[in-house]
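In my numbering, the protein residues as written are 867 to 1528.
Below is the structure:
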């Protein structure tokens, strides 16, 4: 049977089961007595093994079987699930995850005609064999397992088994316990055998007594018949044969009755089965490829554009019937649009579920204690955004562990709890999703950043003296800047934060950071709910219209021209006793200035944690637009624009990218 058509289902279900096992292990590490999580761990392993067996992946089945046996022994109290065994089980999950990826890739290659088969990848063979051997050693206790557990604090596949001399030493230490266990086992076997023997003797005695009673009863009947003298031996023989004949006839009749009843029962069961079959459960969900969802979203986008165009055309006809029909049309298209957008939405948990294990491993590697908390993981975001923000979040969390949280000893010296905290909080705002990543570590030292940035010639001496604390902290997003004293596997090379910023801004979002030395840091990510649809403010500059996404807009105001002031040849205004720099879009687009203007229409936007006032000719109002990104190589690198959209009249307007606008 060709199983390749089920590889997609196998991959997704495997990821789900492996994640469930990982979550259960994390919970059991905190509370080994949690029976519910232990059962979830066992069920997930059993389900995963069954799927792999169905697909014919032998190596995965063998590894999962030994893992399942270890979990079962822990579940039944035969084995204590300590940190050593939890580390081993985590190694199992990593190996299984790698094996699943390799077999799925191999089968997909086979489908498209490249090399690949249903067997596991050869690259992972040795590691899988080593961990399989370790599991078998644990499930079948011997001196090797005892030695391995006593000698190593952390599980490692590369160390193997120690020399024979050390094994002998352990054997001598554990010899007495082994003999006691053997005696107890032998004693138990003897007691069990004795119980079985006594049971058989009682059963035989009971049968003998029953046989004696029957024999005595038959003898009594014969004696009674002899005393009466009513029957001869021939009569007795004849009666005996007749009785046997009658019994045979009764047995035949009984068999016929049972057969008839059986047929009737089977017929009822079949009828019942037919009734059940006609009332089988309905299918409440189905799998749809992301390509089809993207195509459906594009079609809905075209429908929305068409709706806007029809609205403009019918507005000139002034027909009540047409307006009524158009109202229903708009309602239906909006409902369709909302349903399609909802289908594309994925809970944030889709990416955050890997973070607890990652934080746990990083903390153990640096001998730190960290309490990791996730809030709002049920918040839904567009699938395309979820796929893009995973790496930025991982980098921010790694930095929090490496740069932020101190060692337990250092935290105690500073008067803090020895266990640090890293918290991810997601919340749904009106037009965007806000994700906060905060820690209670040592924070960011602005003066240290000033010094390093000047030393590496990232800023001039004048800039170093004039930059405020907030502006200095924003320099962490500059390529090449790092406050780490040494390069590690996690950080220190001065790359990463600039990539985080570029990725977030590419999605139409923004990122800002607040920090206080000794208190901690907080990163805020503002992301659009979807990249396919955008609520925007339409503005006019010259003869053209432009769209500004609401995710960047703080508010819009109108001020008198005489209120504009100049600082170092730059236009600014004062709002709530704070200076707001102005950027005229006419000047940016190299258009002639308006003469004799009395009032300025200003849209206040946020850029890199700072507020800027964009001066436009006029505000045209709020508009829901479909974003069309630039696919041309010539246009995709154009700064200042995030894409374009088509209006109802067929005209194309550009969408401003506030983060890259200069």
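Glycine included, every Cβ here is placed at the ideal spot set by N, Cα and C.
Within the same chain, Cβ atoms closer than 8 Å to the Cβ of residue 1459 are found at 1450, 1452 and 1453, the five residues on either side in sequence being excluded.
Contact between residue 1301 and residue 1393 is confirmed by a C-beta separation of about 7 Å, below the 8 Å threshold.
Considering only 1170, 941, 916 and 1437, the residue with the shortest C-alpha distance to residue 1400 is 1170. Look at residue 1325 here: in three-state DSSP terms it is coil, with no helix or strand label. Ranked by Cα distance from residue 1242, the first of 1282, 1290 and 1211 is 1290. Nearest Cα to residue 1407 within the set 1519, 1178, 1445 and 1471: 1519. DSSP, reduced to helix, strand and coil, places residue 1465 within a strand of the structure shown. Annotation for residue 1403: no alpha helix (DSSP H) segment contains it, though the beta strand (DSSP E) segment containing it runs 1399–1407. About 10 Å separates the beta carbon of residue 1319 from that of residue 1312, a gap too long to meet the 8 Å contact definition.
The criterion of a C-beta distance shorter than 8 Å is satisfied by residue 1423 and residue 1468.
Selection 1251, 1222 and 1438 evaluated against residue 1237 yields 1222 as nearest (Cα-Cα).
DSSP lists 1473 as the bridge partner or partners of residue 1476. Three or more beta-carbon pairs separated by less than 8 Å are not found between the segment 963–974 and the segment 942–950, which leaves the two stretches without contact. Residue 993 and residue 1197 have their C-alpha atoms spaced approximately 59 Å apart. Within the same chain, Cβ atoms closer than 6 Å to the Cβ of residue 1522 are found at 1412 and 1414, the five residues on either side in sequence being excluded.
In this structure, residue 1000 keeps its C-beta atom at 8 Å or more from the C-beta atom of residue 952. Counting the other Cβ atoms within 10 Å of the Cβ of residue 1409 gives fewer than 16, which makes it exposed. Per the C-alpha coordinates, the member of 1391, 1190, 1372 and 1517 positioned closest to residue 1378 is 1391. Restricting attention to 1380, 1276, 1513 and 1288, the CA atom closest to the CA of residue 1260 is found in 1288. Each residue's CA atom was taken as its position, placing residue 1266 and residue 897 some 26 Å apart. Taking C-beta atoms under 8 Å as the contact rule, residue 908 and residue 877 fail to qualify, at a distance of about 22 Å.
For the pair residue 1343 and residue 1525, the Cα-to-Cα distance works out to about 13 Å.
Taking the Cα of residue 929 as reference, the smallest distance to any Cα among 882, 998 and 910 is reached at 998.
For residue 1392, the three-state secondary structure derived from DSSP is strand.
Its chain contains 934 as the residues whose beta carbon lies nearer than 7 Å to that of residue 912, once the 5 sequence neighbours on both sides are disregarded; these appear in chain order. Nearest to residue 1258 by alpha-carbon distance, out of 914, 1167, 1199 and 1372, is 1372. With respect to residue 1309, residue 1213 sits apart: the two C-beta atoms are not nearer than 8 Å. Boundaries of the alpha helix (DSSP H) harbouring residue 1253: 1249–1265, taken from the DSSP string. From the listed residues 1295, 1180 and 1341, the smallest Cα separation to residue 1314 is found for 1341.
Looking at the backbone, the Cα of residue 1505 and that of residue 1527 are separated by about 7 Å. Just so you know, the alpha carbons of residue 949 and residue 1209 end up roughly 41 Å apart. Contact check for residue 893 against residue 885 fails: the beta carbons are separated by 8 Å or more. Distance from the Cα of residue 1256 is smallest, within the candidate group 883, 1369 and 1443, for 1369.
In the three-state reduction of the DSSP assignment, residue 1341 falls in the helix class, which pools H, G and I.
If you draw a 10 Å sphere on the C-beta of residue 1305, you find 16 or more other C-beta atoms in it, and that means buried.
Judged by DSSP in its simplified three-state form, residue 1295 adopts coil rather than helix or strand.
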